[in-house]
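Numbering-wise (my numbering), the first sequence opens with residue 1 and increments by one.
Taking it in order: structure first as structure tokens, then the write-up.
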Amino acid sequence: MSIIADLSQLVSDAFQELGLDRGFGAVATSRRPDLAHFQCNGAMAAAKQARRAPRQIAEEVVAILRAHPEFDVVEVAGPGFINIKLTEPALAARADEMRLDERLGCERSAAPERVVIDFGGPNVAKAMHVGHLRSSVVGDCLQRLFRFVGDEVVSDIHMGDWGLPMGMLIVELERRRPDLPYFDAELSGPYPEEPPVSVDDLAEMYPKAAALAKEDETEREKARLATAQLQEGRPGYRALWQHFMNESMKAMKADFGALGVHFDWWLGEAAVNDAIAPLLASLEAKGALELSQGAQVITVVEEGDNKEMPPLIVVKSDGGVTYGTTDLATIVDRVARVDPHHILYVVDKRQHLHFEQVFRAARRCELSGRAQLEHIAFGTVNGADGKPFKTREGGVMKLGDLIARATEQANLRLEEGALAKDVDQEIHDEIARKVGLAALKFADLANDRESDYVFNLEKFTRFEGKTGPYLLYATVRIKSIFRKAAERGFEAGTVSGPLSDAERKLILVNFLISSAVQRAHAERRPHLLCDFAYDLAQAFSRFYNNCPILAEEDPAIRASRLALAGLTLAQFELVLGILGIETPERM
RNA sequence: GCGGUUGUAGCUCAGUGGAUAGAGCACCAGCCUCCGGAGCUGGGUGUCGCAGGUUCGACUCCUGCCAGCCGCGCCA
Numbered sequence: 001m002s003i004i005a006d007l008s009q010l011v012s013d014a015f016q017e018l019g020l021d022r023g024f025g026a027v028a029t030s031r032r033p034d035l036a037h038f039q040c041n042g043a044m045a046a047a048k049q050a051r052r053a054p055r056q057i058a059e060e061v062v063a064i065l066r067a068h069p070e071f072d073v074v075e076v077a078g079p080g081f082i083n084i085k086l087t088e089p090a091l092a093a094r095a096d097e098m099r100l101d102e103r104l105g106c107e108r109s110a111a112p113e114r115v116v117i118d119f120g121g122p123n124v125a126k127a128m129h130v131g132h133l134r135s136s137v138v139g140d141c142l143q144r145l146f147r148f149v150g151d152e153v154v155s156d157i158h159m160g161d162w163g164l165p166m167g168m169l170i171v172e173l174e175r176r177r178p179d180l181p182y183f184d185a186e187l188s189g190p191y192p193e194e195p196p197v198s199v200d201d202l203a204e205m206y207p208k209a210a211a212l213a214k215e216d217e218t219e220r221e222k223a224r225l226a227t228a229q230l231q232e233g234r235p236g237y238r239a240l241w242q243h244f245m246n247e248s249m250k251a252m253k254a255d256f257g258a259l260g261v262h263f264d265w266w267l268g269e270a271a272v273n274d275a276i277a278p279l280l281a282s283l284e285a286k287g288a289l290e291l292s293q294g295a296q297v298i299t300v301v302e303e304g305d306n307k308e309m310p311p312l313i314v315v316k317s318d319g320g321v322t323y324g325t326t327d328l329a330t331i332v333d334r335v336a337r338v339d340p341h342h343i344l345y346v347v348d349k350r351q352h353l354h355f356e357q358v359f360r361a362a363r364r365c366e367l368s369g370r371a372q373l374e375h376i377a378f379g380t381v382n383g384a385d386g387k388p389f390k391t392r393e394g395g396v397m398k399l400g401d402l403i404a405r406a407t408e409q410a411n412l413r414l415e416e417g418a419l420a421k422d423v424d425q426e427i428h429d430e431i432a433r434k435v436g437l438a439a440l441k442f443a444d445l446a447n448d449r450e451s452d453y454v455f456n457l458e459k460f461t462r463f464e465g466k467t468g469p470y471l472l473y474a475t476v477r478i479k480s481i482f483r484k485a486a487e488r489g490f491e492a493g494t495v496s497g498p499l500s501d502a503e504r505k506l507i508l509v510n511f512l513i514s515s516a517v518q519r520a521h522a523e524r525r526p527h528l529l530c531d532f533a534y535d536l537a538q539a540f541s542r543f544y545n546n547c548p549i550l551a552e553e554d555p556a557i558r559a560s561r562l563a564l565a566g567l568t569l570a571q572f573e574l575v576l577g578i579l580g581i582e583t584p585e586r587m
């Protein structure tokens, strides 16, 4: 158990002994390091509830806690803060205990849950771009985090593979190659095994088809018709669709592989096509469908709404279905497959209204079982102009190119700093790749997921400031110390006093890991882990500068500092691992 | 128009109703006989958008207003 949880329990016991709610016993590290290591603010809240003087309650709690052997100082301050200072041996012993625990004091969930994470995946034929970075990186961090905490996670890329874009591509290809057998309605196969288009062809065709459909009503109509026929199962279109899928998935696998992101399911909208008709029948049977302006909709207005809430369109007036329909069918499918406690949708915040409609419809029609549906919304990645850095006709920044640029920039930085010298080219390239990816991922994760941020590769790849490379640098420095320690035959001992300020501060930051993990998990917010990692790096750098390790002559102090460095390294590896950031051995 | 969201240091942003609102960047000054100086140590700025309210206590909760961004039935 973490020390914060331990202390919280202790203080909660004291509140309980006084006949007060245990919840008031929550302990955190002190906001006034000059006064204490830890603090509890519960006495003031308890005073409000019990209608008593806060200082008096605090005094009573302190009286109970005072006997504890680990405590050096327990006192009341200000309006009713309870300040706690541990004795130095206790502080050191706690650090040592954490070092020996493979989870570094991070509790496993007491009630593990089954969680589906939907990455709101890329659309087939559209090349992955910067916009896909966030769902990939944030979603991946969440799946690692949830697994670490003990939940059972099923991640689904959930490709956009079944809507109007498919119809547009079919029409576009027919325009170019009317001779292909897929377009002969009389024919039902067999069709060639060789794909008629490559993924690059698709990426080139899509924007043209989209532009055409946008400006020309009859083209749009043709695309709609083709989409409907595809969904109804026209063999030639299905065969063509399969080719599109195969080609696109090859490219996606390359991109996600480069990012180090993996999925349990490679499903998409098409996967529930056969479930649409039964779903509609059951909705009809439940009386949930209404006819509105020629479309069948589900009303999702709820009592107490203070805003307009448009209905969810389930069947369009032309008979086609929408992504709202496939989202509902997908919920049913997931409940049937794994009966999750939660389904998390890691999707752009601009789709908030859509998810609110879908979630309401799912609840109203009792489709979601026990699952709590959550939109894990994220902000946009903007260019220097503050506008989304998105796929538009013209300047498309493909994800693959982006990673290449990050690697290139990382290379430049390594040269600037004369780092990663005297290693084989292969190893050098590997270091640059890891530094570039760390820069990209950390920059993305360090921003609160709901805020937008400006994409600035030059800034992200810096080794100074709050960046991925800075964290890697701190980690690599510790690894370097251990290599040298091994050469000289030095080994880590137990963390023990006397402790300098820098050591004490480093230990206190180390204690925060469990809270950071818990909060990041509870709030689904990776940036809390980034904040922690950065605080740790700063505390370590300070320790590193003030406390010589290998040059220390006292063997006990040297062994203790080595142990503390080892603990810190383990923390970096744990947290960076959850963030999905790989660390090189040297750089 | 309705709804959502944001407004905190020169810039980019943190900030679980609690103590003296914090980081990074930028700027200035120190620190290399010492484990990797892309580091560390100091230096200082804030009408927390504005006005009310709740509270022992508000950047945090509530109401109104102002400004920006986003969304609002048959695209996904």
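By construction, the Cβ of each residue, glycine as well, lies at the ideal position given by its N, Cα and C atoms.
Keep in mind that this is a model prediction, so the values were computed, not measured.
With DSSP run on the structure shown, which of helix, strand or coil describes residue i?
{"i": "cysteine 365", "result": "coil"}
{"i": "asparagine 382", "result": "strand"}
{"i": "glutamine 538", "result": "helix"}
{"i": "glycine 160", "result": "strand"}
{"i": "alanine 258", "result": "helix"}
{"i": "glutamine 293", "result": "coil"}
{"i": "glutamate 393", "result": "Residue placement at glutamate 393 is poorly supported in this model, since its pLDDT is 40, which falls under 50; the coordinates still yield a value, given next. If DSSP states are grouped into helix, strand and coil, glutamate 393 belongs with coil."}
{"i": "valine 272", "result": "helix"}
{"i": "aspartate 101", "result": "coil"}
{"i": "lysine 398", "result": "strand"}
{"i": "glutamate 193", "result": "coil"}
{"i": "asparagine 546", "result": "helix"}
{"i": "histidine 68", "result": "coil"}
{"i": "leucine 499", "result": "coil"}
{"i": "leucine 419", "result": "coil"}
{"i": "glutamate 374", "result": "strand"}
Less than 6 Å between C-beta atoms, sequence neighbours within five positions excluded: which residues of the same chain meet that for residue i?
{"i": "alanine 329", "result": "Val272, Ala275, Ile276, Leu279"}
{"i": "isoleucine 403", "result": "Ala258"}
{"i": "alanine 288", "result": "Ile298, Cys365"}
{"i": "glycine 628", "result": "As displayed, the chain neither begins before 1 nor continues past 587, which places residue 628 out of reach and without an answer."}
{"i": "arginine 392", "result": "Because the pLDDT of arginine 392 is 39, which lies under 50, any placement of that residue in the model is unreliable, and the number read from its coordinates should be weighed accordingly. Excluding positions up to five away in sequence, the list is empty."}
{"i": "asparagine 83", "result": "Leu35, Ala36, Gln39, Glu75, Ala77"}
{"i": "phenylalanine 463", "result": "Pro469, Tyr470, Tyr473"}
{"i": "glycine 394", "result": "Any answer about glycine 394 is weak, because its pLDDT of 41 lies below 50 and its placement is not dependable; what the coordinates show is given next. Taken in chain order, the list of residues that qualify is empty."}
Determine the direct distance from the alpha carbon of residue j to that of residue i, and round the result to whole angstroms.
{"i": "alanine 95", "j": "proline 526", "result": "25 Å"}
{"i": "glycine 105", "j": "serine 2", "result": "4 Å"}
{"i": "threonine 568", "j": "alanine 516", "result": "15 Å"}
{"i": "alanine 570", "j": "lysine 479", "result": "10 Å"}
{"i": "leucine 588", "j": "arginine 134", "result": "Given that the chain is displayed from residue 1 to residue 587, the structure contains no residue 588 and the question cannot be resolved."}
{"i": "leucine 588", "j": "threonine 583", "result": "There is no way to answer for residue 588, as the model of the chain reaches only from 1 to 587."}
{"i": "valine 381", "j": "phenylalanine 455", "result": "6 Å"}
{"i": "methionine 587", "j": "valine 261", "result": "23 Å"}
{"i": "aspartate 305", "j": "tryptophan 265", "result": "36 Å"}
{"i": "glycine 400", "j": "aspartate 34", "result": "49 Å"}
{"i": "alanine 58", "j": "aspartate 72", "result": "17 Å"}
{"i": "valine 61", "j": "serine 109", "result": "29 Å"}
{"i": "alanine 474", "j": "histidine 428", "result": "18 Å"}
{"i": "alanine 539", "j": "glutamate 97", "result": "20 Å"}
{"i": "methionine 168", "j": "arginine 433", "result": "37 Å"}
{"i": "isoleucine 170", "j": "aspartate 200", "result": "15 Å"}
{"i": "alanine 611", "j": "leucine 10", "result": "Given that the chain is displayed from residue 1 to residue 587, the structure contains no residue 611 and the question cannot be resolved."}
{"i": "lysine 349", "j": "alanine 377", "result": "4 Å"}
Which residues does DSSP list as the beta-bridge partners of residue i?
{"i": "valine 153", "result": "Val115"}
{"i": "glutamine 39", "result": "Ala28, Asn83"}
{"i": "asparagine 246", "result": "For asparagine 246, which the question treats as bridged, DSSP gives no partner whatsoever."}
{"i": "proline 388", "result": "Asn382"}
{"i": "histidine 129", "result": "Lys398"}
{"i": "tryptophan 265", "result": "Asp156"}
Under DSSP, the alpha helix (DSSP H) around residue i begins and ends at which residues?
{"i": "asparagine 83", "result": "Element bounds for asparagine 83: not the alpha helix (DSSP H) but the beta strand (DSSP E), 81-86."}
{"i": "glutamate 464", "result": "Glutamate 464 -> no alpha helix (DSSP H), and no H or E assigned at all."}
{"i": "leucine 550", "result": "Unbroken run through leucine 550: none, as it is neither H nor E."}
Grab the span of the beta strand (DSSP E) containing residue i for me, first residue to last.
{"i": "histidine 342", "result": "342-348"}
{"i": "valine 495", "result": "Where valine 495 is concerned, there is no enclosing beta strand (DSSP E), given that its DSSP letter is neither H nor E."}
{"i": "alanine 185", "result": "Looking at the DSSP string, alanine 185 is not in any beta strand (DSSP E), and its letter there is neither H nor E."}
{"i": "isoleucine 581", "result": "Counting along the chain, isoleucine 581 falls outside any beta strand (DSSP E), and DSSP gives it neither H nor E."}
Spatial neighbours of residue i within its chain, please: CB distance less than 8 Å, with the 5 preceding and 5 following residues excluded, ordered by chain position.
{"i": "lysine 208", "result": "Glu172"}
{"i": "leucine 187", "result": "Pro181, Pro235, Gly236"}
{"i": "leucine 18", "result": "Ile57, Glu60, Val61, Ile64"}
{"i": "glutamate 290", "result": "Gln296, Val297, Ile298, Thr299, Pro311"}
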